[in-house]
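*Asks:* There's a structure below that I have some questions on.
Residue numbers (the numbering used here): 1 to 500.
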């Protein structure tokens with residue numbers, strides 16, 4: 001019996017020793033082995049005025065450690081402030097009475113993984129606050145006396161401070177989840193582009209990318225991010241990560257990307273579509289249909305509770321002339337290819353324009369499939385000009401000095417046309433324009449997902465996946481942390497530029 005017991009023990013021991021290496025060889029999918037790196041976000045100065053800082057004050061409740069070449073060179077006490085500036089291409093840190101000169105690149109981390117507060121910055125379009133950041137802060141020399149501030153952190157932690165800045169936090173959970181997937185897709189695509197370009201950072205913290213840390217975090221929003229962790233949108237038709245554009249409110253129709261930014265061929269998943277209730281099949285390229293659509297108060301849609309689902313405002317002929325002559329030269333300076341002037345032979349060419357004289361007429365030359373104006377012609381007493389691209393059109397006729405009436409009331413000081421989805425009625429005294437009435441719908445560029453439309457769909461019972469597939473055609477959801485999707489990180493050259 002004793003001999004049998006020892007033999008059994010020996011057998012089990014040998015079996016364990018033999019099999020243990022086998023178990024160790026079983027591949028595991030973990031964040032440690034994943035190719036997914038931290039995202040790098042360039043932090044703006046106050047009012048998002050610039051990416052180049054002249055000074056910065058940082059602190060953390062547990063203290064900060066300063067690293068150079070991955071070595072800790074300085075530690076601070078809890079809540080002690082670091083004053084940072086650049087002198088003659090050298091980073092200068094002041095901590096109390098101590099002054100440290102540390103070269104061209106350093107990183108700062110909070111002790112015990114706390115947040116880093118940038119005391120010298122103010123954020124918040126409603127309730128101002130000093131922003132705090134997860135992860136690390138890298139300081140890079142930008143010029144003799146300025147520097148870049150780069151926040152490096154995991155993608156989902158980045159999203160914790162994106163979503164509250166991009167979507168109302170009280171929106172339904174499925175709408176928040178849809179926004180989380182869209183924002184994550186946008187971020188990952190930007191990371192792939194930055195890797196290909198060997199850029200210093202992936203995204204900015206402003207409207208050039210996605211708004212980041214402009215409002216405080218929210219528990220429900222973080223839950224939506226956690227419950228969709230890793231999910232991004234992929235287009236099997238084009239074999240690319242989706243260009244996850246989104247905007248505030250649709251007019252009941254979305255726009256095709258190539259008819260908004262004039263960036264080449266159509267994109268299969270960014271095509272104009274109806275999000276009215278029920279869906280409409282109007283040919284919105286026909287002016288009469290567009291006028292009927294934008295002036296019909298009975299039109300229903302998933303966005304209908306948004307203040308900007310429908311809007312209108314008036315300009316006098318004098319106001320119209322003033323605003324166009326004020327904005328046209330700057331539009332030409334920024335995008336001369338899309339501001340063209342009529343020649344004596346009838347051809348339109350790009351040339352500097354200071355004034356078109358008194359505006360005599362407006363004409364829609366081309367509308368997109370979704371009803372957005374693509375090319376607008378302005379006839380003046382001194383020149384006839386055509387303006388292309390949605391943002392140029394929205395910046396041409398700015399209603400800043402008049403009231404816009406939307407579904408919530410009236411708004412003053414609006415700095416650009418809410419969208420390029422609009423029609424107009426010209427009222428004349430003889431040949432002169434007496435006044436002009438603009439009727440429009442939606443807010444934003446109109447490509448991809450409408451955030452208020454996502455809210456309406458969530459309230460109608462759609463899941464976040466159904467919402468996404470309502471705005472982005474024939475897409476799939478992939479998990480970036482799943483091993484079978486690691487190919488995304490090695491094939492970034494396939495993914496074209498985001499366009500604005």
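Glycine included, every Cβ here is placed at the ideal spot set by N, Cα and C.
Do residue 153 and residue 140 count as a contact pair if the criterion is CB distance below 8 angstroms?
*Replies:* Taking the chain shown and counting its residues from 1, one reaches residue 140 at position 140. Taking the chain shown and counting its residues from 1, one reaches residue 153 at position 153. Against a cut-off of 8 angstroms, the Cβ pair of residue 153 and residue 140 comes out as no contact.
*Asks:* Are the CB atoms of residue 385 and residue 426 nearer to each other than 8 angstroms?
*Replies:* Taking the chain shown and counting its residues from 1, one reaches residue 385 at position 385. Taking the chain shown and counting its residues from 1, one reaches residue 426 at position 426. Contact: no.
*Asks:* Any idea if residue 96 is buried or exposed, counting beta-carbon neighbours within 10 angstroms, 16 or more meaning buried?
*Replies:* Your numbering for residue 96 matches position 96 in the chain shown. Classification of residue 96: exposed, given that the 10 Å Cβ count is below 16.
*Asks:* If you compare alpha carbons, which of 86, 399, 51 is closest to residue 41?
*Replies:* Counting from 1 along the chain shown, the entry for residue 41 is found at position 41. Among 86, 399, 51, the Cα nearest to that of residue 41 belongs to 51.
*Asks:* Are the beta-carbon atoms belonging to residue 324 and residue 396 less than 8 angstroms from one another?
*Replies:* Here residue 324 refers to the residue found at position 324 of the chain shown. Here residue 396 refers to the residue found at position 396 of the chain shown. The answer is yes: Cβ separation under 8 angstroms.
*Asks:* Give the list of continuous beta strand (DSSP E) stretches no shorter than 3 residues that lie fully inside the stretch 35–60.
*Replies:* If only uninterrupted beta strand (DSSP E) runs of at least 3 residues are considered, those enclosed by the stretch 35–60 are 39–42, 55–59.
*Asks:* Mind the definition here: the stretch 452–460 touches the stretch 297–314 only if three or more C-beta pairs lie below 8 angstroms; say whether that holds.
*Replies:* yes
*Asks:* Using a Cβ-Cβ cut-off of 6 angstroms (strictly less than) and excluding sequence neighbours within five positions of residue 488, which residues of its own chain qualify?
*Replies:* The count along the chain shown starts at 1 and reaches residue 488 at position 488. Same-chain partners within the cutoff: there are none.
*Asks:* Drop a sphere of 10 angstroms on the beta-carbon of residue 281, count the other beta-carbons inside from all chains shown, and report buried for 16 or more, exposed for fewer.
*Replies:* Counting from one through the chain shown, the residue named residue 281 turns up at place 281. Flag for residue 281 reads exposed.
*Asks:* So, helix, strand or coil for residue 199, using DSSP?
*Replies:* To locate residue 199, count along the chain shown from 1; it is residue 199. In this structure, residue 199 counts as coil in the three-state DSSP scheme.
*Asks:* Here's a check: name, in chain order, each residue in its chain whose Cβ is nearer than 7 angstroms to the Cβ of residue 46, leaving out the five neighbours to either side.
*Replies:* Start at 1 with the first residue of the chain shown, and residue 46 comes out as number 46. Cβ neighbours of residue 46 beyond the five flanking positions: 121, 122.
*Asks:* Leaving out five residues before and five after residue 230 in sequence, what residues of the same chain have Cβ atoms less than 6 angstroms from its Cβ?
*Replies:* Taking the first residue of the chain shown as position 1, residue 230 is located at position 230. These residues qualify, in order along the chain: 479, 480, 481.
*Asks:* Do three or more CB pairs link the stretch 439–458 to the stretch 244–254 at distances below 8 angstroms?
*Replies:* Inter-segment contact for the stretch 439–458 and the stretch 244–254 is present: three or more beta-carbon pairs are separated by less than 8 angstroms.
*Asks:* So residue 153 is in the beta strand (DSSP E); what residue range does that whole segment cover?
*Replies:* As a working note, residue 153 is residue 153 in the chain shown. Where residue 153 is concerned, the enclosing beta strand (DSSP E) stretches over 147–153.
*Asks:* Count the C-beta pairs between the stretch 62–82 and the stretch 152–168 that are closer than 8 angstroms, then say yes if the count reaches three, no if not.
*Replies:* no
*Asks:* At which residue ranges does the stretch 316–348 contain complete beta strand (DSSP E) runs of 3 or more residues, listed in the order of the chain?
*Replies:* Listed in chain order, they are 339–342.
*Asks:* Tell me residue 313's beta-bridge partners as DSSP assigns them.
*Replies:* As a position in the chain shown, residue 313 is number 313, starting the count at 1. Paired residues: 438.
*Asks:* Along the chain, where does the alpha helix (DSSP H) containing residue 451 start, and where does it finish?
*Replies:* Counting from 1 along the chain shown, the entry for residue 451 is found at position 451. Unbroken alpha helix (DSSP H) run through residue 451: 451–459.
*Asks:* State the Cα-Cα distance for the pair residue 31 and residue 39, rounded to the nearest angstrom.
*Replies:* As a working mapping, residue 31 is identified with position 31 in the chain shown. As a working mapping, residue 39 is identified with position 39 in the chain shown. Any answer about residue 31 is weak, because its pLDDT of 40 lies below 50 and its placement is not dependable; what the coordinates show is given next. If I take the Cα positions, the gap works out to 14 angstroms.
*Asks:* Taking the alpha-carbon positions, what's the residue 483 to residue 399 distance?
*Replies:* By one-based count along the chain shown, residue 483 stands at place 483. By one-based count along the chain shown, residue 399 stands at place 399. Each residue's alpha carbon lies about 51 angstroms from the other.
*Asks:* Any idea if residue 126 is buried or exposed, counting beta-carbon neighbours within 10 angstroms, 16 or more meaning buried?
*Replies:* Your numbering for residue 126 matches position 126 in the chain shown. That one is exposed.
*Asks:* Determine the direct distance from the alpha carbon of residue 175 to that of residue 217, and round the result to whole angstroms.
*Replies:* As a first step, residue 217 must be located in the chain shown, where it is residue number 217. As a first step, residue 175 must be located in the chain shown, where it is residue number 175. When rounded, the distance between both Cα atoms is 17 angstroms.
*Asks:* Taking residue 314 and residue 437 to be in contact with their CB atoms under 8 angstroms, please state how far apart those CB atoms are, rounded to whole angstroms.
*Replies:* By one-based count along the chain shown, residue 314 stands at place 314. By one-based count along the chain shown, residue 437 stands at place 437. Contact holds; Cβ gap of about 5 angstroms.
*Asks:* Find out if the Cβ-Cβ distance for the pair residue 435, residue 233 is shorter than 8 angstroms.
*Replies:* Counting from 1 along the chain shown, the entry for residue 435 is found at position 435. Counting from 1 along the chain shown, the entry for residue 233 is found at position 233. No.
*Asks:* Assess, as a yes-or-no matter, whether the stretch 399–416 is touched by the stretch 328–340 under the definition of 3 or more beta carbon pairs within less than 8 angstroms.
*Replies:* Pairwise C-beta distances place the stretch 328–340 out of contact with the stretch 399–416, as fewer than three of them are shorter than 8 angstroms.
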